[in-house]
Amino acid sequence: MTRTLTAAVHQEDDWYVARCLELDVASQGETLDEALSNLREAVEVYLDEVQNPTIETTPLVTSFQVGRAA
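Using the working numbering, you'd call the opening residue of the sequence shown number 45 and step up by one each time.
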């Protein structure tokens, strides 16, 4: 069974950190593709190992503007 999940990715120094928004699973890689590939593998292992995992509803992710530069 194939399921589409959502990843949030940010860069920390030389690493990309990828986090699955529906599960409490994260991974990292030296490139964006590597981080996502590692996250995919970590999620697959998590889903294989955890009995009855809780898969949260995909959160609404959007952008917004503020009046000051951050």
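In this text, a Cβ means the ideal position worked out from N, Cα and C, and glycines have one as well. Nothing here was measured: the structure is a model prediction, and the numbers come from that model.
Simplified DSSP state of residue i, which is helix, strand or coil
| i | result |
| --- | --- |
| residue 63 | strand |
| residue 100 | coil |
| residue 74 | coil |
| residue 53 | strand |
Cα-Cα separation, residue i to residue j
| i | j | result |
| --- | --- | --- |
| residue 106 | residue 65 | 13 Å |
| residue 91 | residue 97 | 7 Å |
| residue 103 | residue 48 | 13 Å |
Identity of the residue in the options nearest residue i by Cα
| i | options | result |
| --- | --- | --- |
| residue 88 | 59, 67 and 61 | 67 |
| residue 69 | 108, 46 and 85 | 85 |
| residue 57 | 45, 74, 46 and 63 | 74 |
Practice task
Check whether the region 74-88 touches the region 49-65, taking contact to mean three or more Cβ pairs, one atom from each stretch, closer than 8 Å.
Solution key: yes
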